[in-house]
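Residue numbering for the sequence shown follows the numbering used here, starting at 30 and increasing by one per position.
Quick reminder that beta carbons are idealized off the backbone N, C-alpha and C, glycines included.
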Amino acid sequence: MARRAKRVLSVASECAPLIKTGGLADVVGALPAALEPFGWKSKVLLPAYPGLLERLGRGTRVWRDEDLFGGPAAVIRGTIDGLNVLLLDAPHLFNRDGGPYSADGRDYPDNHVRFAALSWVASQIAQYGTSDRWKPDLVHAHDWQAGLTPSYLKYAGAQVPTVMTVHNIAFQGVVGADQLDYLRLPTWDFTPDSLEYHGLLSTLKAGMVHASRLTTVSPSYAQELTSPDFGFGLEGVVAARRDRGELEGIINGVDTEVWDPATDPAIVPYTAANPADKDVNRQRLLDEFGLDAPSGPLAVVVTRLTHQKGIDLLIDALPGFLDRGGAIAILGSGDAHYEYELTQLAARYPGAVGLRLGYDEGLSHRMYAGGDVVLVPSRFEPSGLTQMYGMRYGAVPLVAATGGLRDTVTDATPENLENGTATGFTFGDARLGGVIDAGALSFALGRAIDLYADTEAWLKLRHTAMSTTVSWEKSAAEYARMFDTLIE
Ligand code: ADP
Numbered sequence: 030m031a032r033r034a035k036r037v038l039s040v041a042s043e044c045a046p047l048i049k050t051g052g053l054a055d056v057v058g059a060l061p062a063a064l065e066p067f068g069w070k071s072k073v074l075l076p077a078y079p080g081l082l083e084r085l086g087r088g089t090r091v092w093r094d095e096d097l098f099g100g101p102a103a104v105i106r107g108t109i110d111g112l113n114v115l116l117l118d119a120p121h122l123f124n125r126d127g128g129p130y131s132a133d134g135r136d137y138p139d140n141h142v143r144f145a146a147l148s149w150v151a152s153q154i155a156q157y158g159t160s161d162r163w164k165p166d167l168v169h170a171h172d173w174q175a176g177l178t179p180s181y182l183k184y185a186g187a188q189v190p191t192v193m194t195v196h197n198i199a200f201q202g203v204v205g206a207d208q209l210d211y212l213r214l215p216t217w218d219f220t221p222d223s224l225e226y227h228g229l230l231s232t233l234k235a236g237m238v239h240a241s242r243l244t245t246v247s248p249s250y251a252q253e254l255t256s257p258d259f260g261f262g263l264e265g266v267v268a269a270r271r272d273r274g275e276l277e278g279i280i281n282g283v284d285t286e287v288w289d290p291a292t293d294p295a296i297v298p299y300t301a302a303n304p305a306d307k308d309v310n311r312q313r314l315l316d317e318f319g320l321d322a323p324s325g326p327l328a329v330v331v332t333r334l335t336h337q338k339g340i341d342l343l344i345d346a347l348p349g350f351l352d353r354g355g356a357i358a359i360l361g362s363g364d365a366h367y368e369y370e371l372t373q374l375a376a377r378y379p380g381a382v383g384l385r386l387g388y389d390e391g392l393s394h395r396m397y398a399g400g401d402v403v404l405v406p407s408r409f410e411p412s413g414l415t416q417m418y419g420m421r422y423g424a425v426p427l428v429a430a431t432g433g434l435r436d437t438v439t440d441a442t443p444e445n446l447e448n449g450t451a452t453g454f455t456f457g458d459a460r461l462g463g464v465i466d467a468g469a470l471s472f473a474l475g476r477a478i479d480l481y482a483d484t485e486a487w488l489k490l491r492h493t494a495m496s497t498t499v500s501w502e503k504s505a506a507e508y509a510r511m512f513d514t515l516i517e
């Protein structure tokens with residue numbers, strides 16, 4: 030008799046295509062299909078934000094509670110785009126106008142309660158199963174929103190193994206210690222070795238300490254996280270788990286069905302072998318942004334506009350790039366002062382700088398398809414996905430040499446160009462004494478302009494980038510191997 034599939038409950042606040050504000054959603058949405066060939070079947074537990082239940086169509090109620098942190102709640106099982114999801118329907122927590130975490134730029138004041146509730150329900154399902162008798166063999170918790178799941182399981186004495194994945198350690202779910210009781214956490218465990226983070230409670234730390242294994246989304250980021258420069262105060266926790274052999278860095282893959290220039294409905298299709306129509310996409314993108322045809326490369330940026338993403342470096346380095354014949358199209362939303370400064374820049378360089386403020390999935394596809402270069406000047410980048418989308422779509426990545434960017438892009442040095450391994454440009458590599466700043470970015474942009482002028486070399490670089498494997502296969506195998514070890 031065939032062995033029954035192994036079951037994983039994935040717990041997260043976002044999951045593409047249902048709800049997305051960043052890379053976390055892409056990962057949570059893509060992992061289930063990627064894990065399946067390894068015998069792991071997933072269900073993703075996420076909040077029923079407004080509209081999600083409708084998109085599910087007919088769902089089945091598989092769990093309920095009269096009082097989940099202040100109101101009634103149910104879990105609805107269903108399928109969307111082949112993805113098995115469990116939606117936590119708790120109107121008092123999740124039925125709100127605005128985004129998943131905030132409205133009008135302000136975080137909801139009870140975010141700690143909202144996501145503690147999500148984690149609590151995950152722990153209940155992991156212990157007792159759903160009413161249709163589905164019970165996971167393992168729980169995979171993502172980021173601070175799911176961070177209390179391993180803790181609740183630990184305090185319940187449950188044996189279910191847990192994996193905590195840190196997608197970005199900068200977001201730690203910190204809240205006052207006076208909330209411990211309300212969040213159903215034991216005050217006796219409020220110590221620096223456990224729930225306490227400098228007198229406060231951090232739900233991310235809780236998960237990082239209590240999960241059976243800790244992972245993050247690239248080997249380089251895993252290593253960086255043990256240093257104070259990147260660990261945001263949690264470097265000691267990461268280092269301790271590393272020393273016990275309980276830390277893994279597994280690079281994200283991309284969903285190669287959603288992100289395929291050969292079949293993407295948002296663009297004029299093309300392939301690495303037959304890329305001619307990429308030029309059509311380029312021209313359309315120029316038109317869409319009202320840009321003049323540049324003599325140099327057309328750069329694109331698709332990003333949250335935050336300090337992490339190096340937007341200030343970009344603003345400093347851009348004039349030099351434009352003066353040398355480059356052009357740029359930017360899609361992003363985020364901090365008001367970056368939005369303002371970019372708007373100023375676009376006004377100063379009409380025809381060379383195009384800007385769309387906001388979030389637009391379709392446009393993001395058209396940008397990777399139309400761009401010659403995708404810029405990712407992040408100060409830190411756990412995995413990064415946009416550089417991989419760029420590679421697949423032939424927008425050569427130009428990236429800061431940090432975290433997952435370092436792990437996925439091979440710099441166009443003369444040697445790497447010669448031996449055909451180059452896939453993009455990197456700058457500011459600390460291991461080579463470099464610094465991620467505007468000067469290093471400017472220098473890299475200059476290198477891109479120079480290489481772009483050599484059409485043959487450029488097309489070879491682009492072809493290598495487009496042919497590079499960025500799918501989930503290898504990374505899913507690594508997750509599956511770890512999961513297997515934990516349930517043995
Ligand atoms: P992060 O998760 O830190 O934001 P990633 O590179 O891992 O960075 O993932 C970002 C994801 O969000 C990518 O899928 C990217 O295309 C998408 N994205 C970011 N900003 C926008 C935007 N303004 N419009 C559309 N998609 C965006």
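Practice task
Leaving aside the five residues before and after LEU85 along the sequence, list all residues of the same chain whose C-beta is less than 8 Å from its C-beta, in chain order.
Solution key: ILE105, GLY107, THR108, ILE109, VAL114, LEU116, listed in sequence order.
Exercise for the section: Measure the C-alpha to C-alpha separation of TYR388 and LEU360 and round it to an integer number of angstroms. Expected result: In this structure, the CA atom of TYR388 is about 7 Å from the CA atom of LEU360.
Practice task
Can you tell me the Cβ-Cβ gap for TYR299 and ASP306, rounded? I've got them flagged as a contact below 8 Å.
Solution key: Your pair TYR299 and ASP306 checks out as a contact, with CB atoms roughly 4 Å apart and the cut at 8 Å.
Exercise for the section: Buried or exposed for TYR157, please, with buried defined as at least 16 other CB atoms from any protein chain shown within 10 angstroms of its CB. Expected result: Around the Cβ of TYR157, a 10 Å sphere holds fewer than 16 other Cβ atoms; the residue is exposed.
Exercise for the section: Consider the C-beta atom of HIS336 and the heavy atoms of the ligand ADP; say whether any pair is separated by less than 8 Å. Expected result: Checking the Cβ of HIS336 against the ligand ADP gives no.
Handout entry: Residue from GLY51, PRO257, GLU390, TYR250 with nearest C-alpha to LEU434
Key = The option with the nearest alpha carbon to LEU434 is TYR250.
Problem - GLY400 versus VAL238, GLU444, ASP316, SER39, residue with shortest Cα-Cα distance - result: Of the candidates VAL238, GLU444, ASP316, SER39, the one whose C-alpha sits nearest the C-alpha of GLY400 is ASP316.
Problem - Inter-residue Cα distance where the pair is MET30 and VAL37 - result: Annotation note: pLDDT 45 at MET30 (below 50); position unreliable, no value reported.
Handout entry: Whole runs of the alpha helix (DSSP H) within the stretch 421-450, excluding any shorter than 4 residues
Key = Taking only runs of at least 4 residues, the alpha helix (DSSP H) segments lying wholly in the stretch 421-450 are 432-437, 443-447.
Exercise for the section: Tell me whether ARG333 counts as near the ligand FMN, meaning its Cβ is closer than 8 Å to at least one heavy atom of that ligand. Expected result: Within the structure as shown, the ligand FMN is missing, the only ligands being the ligand ADP.
Practice task
Inspect the beta-carbon positions of VAL57 and ASP94 and report whether they are closer than 9 Å.
Solution key: Not closer than 9 Å, so no.
Exercise for the section: Following the continuous beta strand (DSSP E) through LYS72, name the residue where it begins and the one where it ends. Expected result: In the DSSP annotation of this structure, the continuous segment of the beta strand (DSSP E) that includes LYS72 starts and ends at 69-76.
Problem - Selection from LEU47, GLY423, THR493 that minimises the alpha carbon distance to GLU83 - result: For GLU83, the closest alpha carbon among the candidates LEU47, GLY423, THR493 is that of LEU47.
Exercise for the section: Give me the Cα-Cα distance between LYS489 and VAL425, rounded to the nearest whole angstrom. Expected result: Taking the straight line joining both Cα atoms gives about 11 Å.
Problem - N- and C-terminal bounds of the alpha helix (DSSP H) containing ASP258 - result: Run containing ASP258: 257-260, per the alpha helix (DSSP H) assignment.
Practice task
Please go through the same chain and pick out, in chain order, the residues whose beta-carbon is closer than 8 Å to the beta-carbon of THR89, but skip the five residues on each side of it.
Solution key: Around THR89: ILE105, ARG106, GLY107, ASP161.
Handout entry: TYR250 Cβ short of 8 Å to the ligand ADP heavy atom set
Key = Distances from the CB of TYR250 to the heavy atoms of the ligand ADP are all 8 Å or more.
Problem - LEU334 - DSSP class collapsed to helix/strand/coil - result: Three-state DSSP puts LEU334 in a strand.
Practice task
Could you tell me which of ARG135, GLU370, GLY475, GLY80 sits nearest to GLY325, measuring between CA atoms?
Solution key: Residue nearest to GLY325 within the set ARG135, GLU370, GLY475, GLY80 is GLY475 (criterion: CA-CA distance).
Problem - heavy atom of the ligand ADP below 8 Å from GLY282 C-beta - result: Checking the Cβ of GLY282 against the ligand ADP gives no.
Exercise for the section: Could you tell me if the beta carbon of LYS49 falls within a distance shorter than 8 Å of some heavy atom in the ligand ADP? Expected result: At least one heavy atom of the ligand ADP sits closer than 8 Å to the Cβ of LYS49.
Practice task
Confirm, please, whether the CB-CB distance from MET193 to LEU243 is below 9 Å.
Solution key: Judged by beta-carbon spacing, MET193 lies within the 9 Å limit of LEU243, meaning their Cβ atoms are closer than that value.
Exercise for the section: Count the other CB atoms, across all protein chains shown, that sit within 10 Å of the CB of THR484; report buried if there are 16 or more and exposed otherwise. Expected result: So THR484 counts as exposed.
Exercise for the section: Locate the beta strand (DSSP E) running through LYS537, then write down its first and last residues. Expected result: Past the boundaries of the shown model lies residue 537; the chain is included only from 30 to 517, so the question cannot be answered.
Problem - Per-residue burial, GLU253 [other beta carbons within 10 Å of its own, 16 or more giving buried] - result: Under this definition GLU253 is a buried residue.
Handout entry: Cα-Cα separation between THR452 and MET417, rounded to whole angstroms
Key = Between THR452 and MET417, the C-alpha separation is close to 10 Å.
Problem - For ALA146 and PHE98, the rounded distance between their alpha carbons - result: Taking the CA atoms as reference points, PHE98 sits about 7 Å from ALA146.
Handout entry: beta-carbon HIS196 near the ligand ADP non-hydrogen atom, thresh 8 Å
Key = Short note on HIS196: C-beta closer than 8 Å to some heavy atom of the ligand ADP.
Problem - Continuous beta strand (DSSP E) stretch holding PHE456: start and end - result: PHE456 -> beta strand (DSSP E) spans 454-456.
Practice task
For the stretch 327-342 and the stretch 395-409, state whether three or more C-beta atom pairs, one from each stretch, are separated by less than 8 Å.
Solution key: Because the criterion of three Cβ pairs below 8 Å is met, the stretch 327-342 and the stretch 395-409 touch.
Handout entry: Contacts around THR17, its chain only, beta-carbon distance under 7 Å, and the 5 residues preceding and following it disregarded
Key = Since the first residue shown for the chain is 30 and the last is 517, residue 17 is missing from the structure and cannot be characterised.
Problem - Member of LEU427, GLY176, LEU351 whose CA lies at the smallest distance from the CA of GLN237 - result: Reading off the sequence, residue 237 comes out as Met, not Gln. With distances taken between Cα atoms, MET237 lies closest to GLY176.
Practice task
Provide the residue(s) that pair with ARG106 in DSSP beta bridges, ordered along the chain.
Solution key: For ARG106, the pairing in a beta bridge is given by DSSP as THR89, LEU115.
Practice task
Would you mind listing the alpha helix (DSSP H) stretches within the stretch 120-185 that are 4+ residues and don't spill past its ends, in chain order?
Solution key: Listed in chain order, the complete alpha helix (DSSP H) runs (minimum 4 residues) inside the stretch 120-185 are 120-123, 140-157, 177-184.
Practice task
Identify, in the order they occur along the chain, each residue of the same chain with its Cβ nearer than 6 Å to the Cβ of ALA235, setting aside the five sequence neighbours on each side.
Solution key: Correct list, in chain order: GLY176, LEU177, SER180, LEU224.
Practice task
Could you tell me whether the stretch 262-282 touches the stretch 373-386, where touching means 3 or more Cβ pairs closer than 8 Å?
Solution key: The stretch 262-282 vs the stretch 373-386: no contact.
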